[in-house]
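Student: First to last, the protein sequences are chains W and L.
Once you know that position 155 of the first sequence is 160 in our numbering, the rest is easy, because the numbers rise by one and skip nothing.
Once you know that position 210 of the second sequence is 215 in our numbering, the rest is easy, because the numbers rise by one and skip nothing.
Structure in structure tokens, see below.
Protein chains: 2
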Amino acid sequence: MVSLTEENYLKALLSLSNEKGEVSVNELSKHLNIKMPTANSMMKKLAEKKFVIYVSYKPLKLTEKGKKEAALIIRKHRLTEMFLVEKMGFGWEEVHAIAEQIEHIHSVEFFGKMDELLGFPKFDPHGSPIPDINGKMEWLSYQSLSNCQAGDSVKLAAVVHSSDDFLKFLNTRELKLGTILKIKSVEPFDKSMTVSYGKRNDEVLSGLVCEKLLVSK
Amino acid sequence: MVSLTEENYLKALLSLSNEKGEVSVNELSKHLNIKMPTANSMMKKLAEKKFVIYVSYKPLKLTEKGKKEAALIIRKHRLTEMFLVEKMGFGWEEVHAIAEQIEHIHSVEFFGKMDELLGFPKFDPHGSPIPDINGKMEWLSYQSLSNCQAGDSVKLAAVVHSSDDFLKFLNTRELKLGTILKIKSVEPFDKSMTVSYGKRNDEVLSGLVCEKLLVSK
DNA sequence: TTCCTCTCTTAGAATTCACTAAGCTTTTAT
DNA sequence: ATAAAAGCTTAGTGAATTCTAAGAGAGGAA
Numbered sequence: 006m007v008s009l010t011e012e013n014y015l016k017a018l019l020s021l022s023n024e025k026g027e028v029s030v031n032e033l034s035k036h037l038n039i040k041m042p043t044a045n046s047m048m049k050k051l052a053e054k055k056f057v058i059y060v061s062y063k064p065l066k067l068t069e070k071g072k073k074e075a076a077l078i079i080r081k082h083r084l085t086e087m088f089l090v091e092k093m094g095f096g097w098e099e100v101h102a103i104a105e106q107i108e109h110i111h112s113v114e115f116f117g118k119m120d121e122l123l124g125f126p127k128f129d130p131h132g133s134p135i136p137d138i139n140g141k142m143e144w145l146s147y148q149s150l151s152n153c154q155a156g157d158s159v160k161l162a163a164v165v166h167s168s169d170d171f172l173k174f175l176n177t178r179e180l181k182l183g184t185i186l187k188i189k190s191v192e193p194f195d196k197s198m199t200v201s202y203g204k205r206n207d208e209v210l211s212g213l214v215c216e217k218l219l220v221s222k
Numbered sequence: 006m007v008s009l010t011e012e013n014y015l016k017a018l019l020s021l022s023n024e025k026g027e028v029s030v031n032e033l034s035k036h037l038n039i040k041m042p043t044a045n046s047m048m049k050k051l052a053e054k055k056f057v058i059y060v061s062y063k064p065l066k067l068t069e070k071g072k073k074e075a076a077l078i079i080r081k082h083r084l085t086e087m088f089l090v091e092k093m094g095f096g097w098e099e100v101h102a103i104a105e106q107i108e109h110i111h112s113v114e115f116f117g118k119m120d121e122l123l124g125f126p127k128f129d130p131h132g133s134p135i136p137d138i139n140g141k142m143e144w145l146s147y148q149s150l151s152n153c154q155a156g157d158s159v160k161l162a163a164v165v166h167s168s169d170d171f172l173k174f175l176n177t178r179e180l181k182l183g184t185i186l187k188i189k190s191v192e193p194f195d196k197s198m199t200v201s202y203g204k205r206n207d208e209v210l211s212g213l214v215c216e217k218l219l220v221s222k
């Protein structure tokens, strides 16, 4: 049995996992807005339950069991986001907070039905991959728009760490997943880019925005 | 702020309210599967929050504030049940357990959208009335099938205390809300009834079943 | 190397919500 | 009317999750 609180810790651990799959207690506690000692004792608890490998003064690692558990929660979150957008008419900037709650619902049938009604989607409304029922997730091979050059023509495939405000900003610029961006120029000073897409010509995107846009060629 | 636990107590109090609007601590604790002292101390807490009128050794009463709060939770529950049946393809016997969890989601927009997509339904899949956004609920004027007589022709309008098993039983007999029942005879000994409806003639319904079927004329 | 700082851990306490045991009040039955 | 039964309350406990305060370890700078 995994409590709601434990689920949130597991999800955070997976999101924060770097290439090494390691997360510091410090990072974790900041991400969850809790104090370090709280995170620390929870890690001992999750270690007892074999979700986490905990060694004093060492970074945290999810076990395979922990990764799967976390991926299944992320699956529920992303399926929900997709359902809210596709079947209920919400905007992509509105769904995170609701999915954050619904991801904790215990009902295989409920999420199975969502999956089916959506036609077994592979990605959520923000372009993030939806793990399958076994917790397997395709890792994205997208790159940041920041790493592209003038002259490149790329497709907007996903957004990262998408806050509501950032998504609303993208709405005002009519930037949606699938949009083809032609990079006119890159300003070396602040990494801002001038791009054209759809009916819009020579829109300027700040370096910060470009970093958060993931594209494929 | 009302916790998930408090919400469950409030909902139970409203469901158990009799004509007088009174509920005993004993009833409450049995209904929620908790021990009496636990219910008792929660009642003191809810009394402090002005949801309940608590007087030692006297039955419990919801305040107007408490009734509204409870009705809004029941609203979320019943809207969810309707959504699961109408928009997601669940059977009426499958939705209670899921709605029991989703009713605690905090999002006005989420339930507003459900309501809209459903066309502002007045009743849930079991025939129970859905309270409006202000917590106002139309009280049903239906009567139990048990109170009808041979010769009566009535419409199945709702089911009470509908356990999954009871609803599955109704499925096997093709008994749905809206079905017109013609009462052929009533067995005085055990109150069982012989009824005809749709393509079925002379089906026998036990007294227990008849009690749980609410009908209109 | 030694010290400073950042990070991590331990200890102790608060809150919420559950329990058992035992005492008190009200109702019911004789 | 009184005793037994049923229901209600108080008191003390425990688990889960959070916190603050303070001590312990690790890494970098001089």
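Note that CB positions come from ideal geometry on N, CA and C, so glycine has one too.
(1) Suppose the cutoff is 7 Å on Cβ atoms and the five residues either side in sequence are ignored; what does the same chain contact list for W:Gly132 look like?
(2) What would DSSP say about L:Lys204, mapped onto helix, strand or coil?
(3) Between the alpha carbons of L:Asn31 and L:Val57, how many angstroms are there, rounded?
(4) In terms of alpha-carbon separation, which member of L:Leu172, L:Phe88 and L:Phe115 lies closest to L:Leu123?
(5) Between the segment 52–67 of chain W and the segment 8–22 of chain W, do at least 3 Cβ pairs fall closer than 8 Å?
(6) Where W:Val214 and W:Leu33 are concerned, what is the direct C-alpha to C-alpha distance, given to the nearest angstrom?
(7) What is the rounded straight-line gap between the Cα of W:Glu108 and the Cα of L:Asn152?
(8) Excluding five sequence neighbours on each side, which residues of the same chain lie with their C-beta closer than 6 Å to the C-beta of W:Asn38?
(9) Any chance the segment 79–88 of chain L sits against the segment 134–154 of chain L, with 3 or more Cβ pairs inside 8 Å?
(10) If you draw a straight line from the C-alpha of L:Arg178 to the C-alpha of L:His111, how long is it?
(11) Between the Cα of W:Asp157 and those of W:Ser201, W:Asp195, W:Lys25 and W:Phe115, spot the shortest distance and give me the residue it belongs to.
(12) Answer yes or no: does any C-beta atom of chain L fall closer than 8 Å to that of W:Gln106?
(13) Per DSSP, what are the beta-bridge partners of L:Phe128 in this structure?
(14) If you follow the alpha helix (DSSP H) that L:Leu84 is in, where does it begin and where does it stop?
(15) Does any CB atom of chain W fall closer than 8 Å to the CB of L:Ser149?
(16) Run the CB neighbour count on L:Pro42, radius 10 Å, all protein chains shown included, and call it buried at 16 or more, exposed below.
(17) Where does the unbroken beta strand (DSSP E) through W:Ile39 begin, and where does it stop?
(18) Tell me whether L:Leu51 sits in a helix, a strand or coil according to DSSP, three-state version.
(19) Just the chain W side, please: which residues come within less than 7 Å of L:Ser8 by C-beta, in chain order?
(20) Thinking C-alpha only, which one of L:Met6, L:Ser61, L:Leu67 and L:Glu208 is nearest L:Ala17?
(21) What in chain L is Cβ-close to W:His111, meaning under 8 Å?
(22) For W:Ala155, report the span of its beta strand (DSSP E) as first-last.
(23) Run down chain L in chain order and give the residues with a C-beta less than 7 Å from the C-beta of W:Leu122.
(24) Would L:Phe125 pass as an interface residue toward chain W - the criterion being a Cβ-Cβ separation below 8 Å?
(25) W:Met198 by DSSP, collapsed to three states: which one?
(26) Along the chain, where does the beta strand (DSSP E) containing L:Lys217 start, and where does it finish?
(27) How many angstroms separate the CA atom of L:Arg205 from the CA atom of L:Thr199?
(28) Spell out whether any CB of chain W is found under 8 Å from the CB atom of L:Lys173.
(29) The alpha helix (DSSP H) with L:Leu21 in it runs from where to where?
(30) Compute the Euclidean distance between the alpha carbons of L:Tyr147 and W:Pro126, then round it to the nearest angstrom.
(31) According to DSSP, simplified to helix, strand and coil, what is L:Lys173?
(32) Can you check whether the CB of L:Leu150 is closer than 8 Å to the CB of L:Ala76?
(33) Quick one: list the residues of chain W neighbouring L:Ile138, beta-carbon separation under 7 Å, in chain order.
(34) Compare the Cα-Cα distances from L:Lys187 to each of L:Leu175, L:His166 and L:Leu210 and report the closest residue.
(35) Mind checking who L:Glu27 pairs with in its DSSP beta bridge?
(36) Is L:Leu186 helix, strand or coil when you go by DSSP?
Tutor: Taking the coordinates as given:
(1) Ala162, Ala163, Val164, Leu182 and Leu219
(2) coil
(3) 16 Å
(4) L:Phe88
(5) yes
(6) 25 Å
(7) 45 Å
(8) none
(9) yes
(10) 38 Å
(11) W:Ser201
(12) yes
(13) L:Pro134
(14) Glu69 to Glu91
(15) no
(16) exposed
(17) Premise fails: W:Ile39 is in no beta strand (DSSP E) and is neither H nor E.
(18) helix
(19) Chain W residues near L:Ser8: none, gap ~12 Å exceeds 7 Å.
(20) L:Leu67
(21) Gln106
(22) Here W:Ala155 belongs to no beta strand (DSSP E), and DSSP marks it neither H nor E.
(23) Met93
(24) no
(25) strand
(26) Counting along the chain, L:Lys217 falls outside any beta strand (DSSP E), though it belongs to the alpha helix (DSSP H) covering Gly212 to Lys217.
(27) 11 Å
(28) no
(29) Leu9 to Leu21
(30) 45 Å
(31) helix
(32) no
(33) The contacting residues do not exist; L:Ile138 stays about 18 Å from chain W at best.
(34) L:Leu210
(35) L:Lys66
(36) strand
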